[in-house]
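Novice:
Numbering (my numbering), first residue to last: 525 to 685.
#1: Let me make sure I understand the geometry here. Which of 624, 653, 630, 529 has the alpha-carbon closest to that of residue 568?
#2: DSSP state of residue 672, grouped into three classes?
#3: Which class does residue 586 belong to by DSSP, given the choice of helix, strand or coil?
#4: Give every residue of the same chain whose Cβ lies closer than 8 Å to the Cβ of residue 620, excluding the five residues on either side of it in the sequence, and list them in chain order.
#5: Suppose you measure from the CA of residue 607 to the CA of residue 572; what does that come to, to the nearest Å?
#6: Do residue 664 and residue 593 count as a contact pair if the criterion is CB distance below 8 Å?
#7: Going by the CB atoms, is the gap between residue 680 and residue 638 shorter than 8 Å?
#8: Taking residue 549 as part of the alpha helix (DSSP H), name the residues at either end of that continuous run.
#9: Can you tell me whether residue 573 is helix, strand or coil according to DSSP?
#10: Distance check for residue 625 and residue 560, CA to CA, integer angstroms please.
#11: Hey, residue 542 and residue 585 are a contact pair by Cβ (cut 8 Å); roughly how many whole angstroms apart?
#12: Does residue 655 come out as helix, strand or coil in the three-state DSSP assignment?
#13: Quick one, which of 618, 670, 646 has its alpha-carbon nearest residue 677's?
#14: In whole angstroms, what separates the C-alpha of residue 660 from that of residue 535?
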């Protein structure tokens, strides 16, 4: 959640002072001084901070790197996902290959995919008929993104959550 929350500041031109912030977000395009967030961005940041506290998420910002599964995909997101309270999943996707997109619309860039056999994890709030999911392949998270998807026993070997 730290990355997602700070993506808002990065997109607004914030110059990160922490070692980790500089490493993850690269200050090359930042604007010195305070940044102005829209009301929607402020609401997203507040919501995400509340969720970080609820989940007891703590990041050591003195670190030089952050190991986050599918980090490259996360940093390409245009629509940032709101973390939900719980998780559910489709274990063993039986459907066709589906594109994962950078935003909750059919015109956005494809940044990943769900492949047959993947576990599909749902842990975020849907937006406009799109779900933000994580595809887990061979036991490790591989891709994240937005997709129009419906799960059922017909397309999943098993359901969880």
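Ideal placement from N, C-alpha and C gives every residue a C-beta, glycine not left out. Only a predicted model underlies this, so the values are computations on that prediction, with no experimental measurement involved.
Specialist: Working from what's here:
#1: 529
#2: coil
#3: coil
#4: 640
#5: 7 Å
#6: yes
#7: no
#8: 543–549
#9: helix
#10: 27 Å
#11: 4 Å
#12: strand
#13: 618
#14: 28 Å
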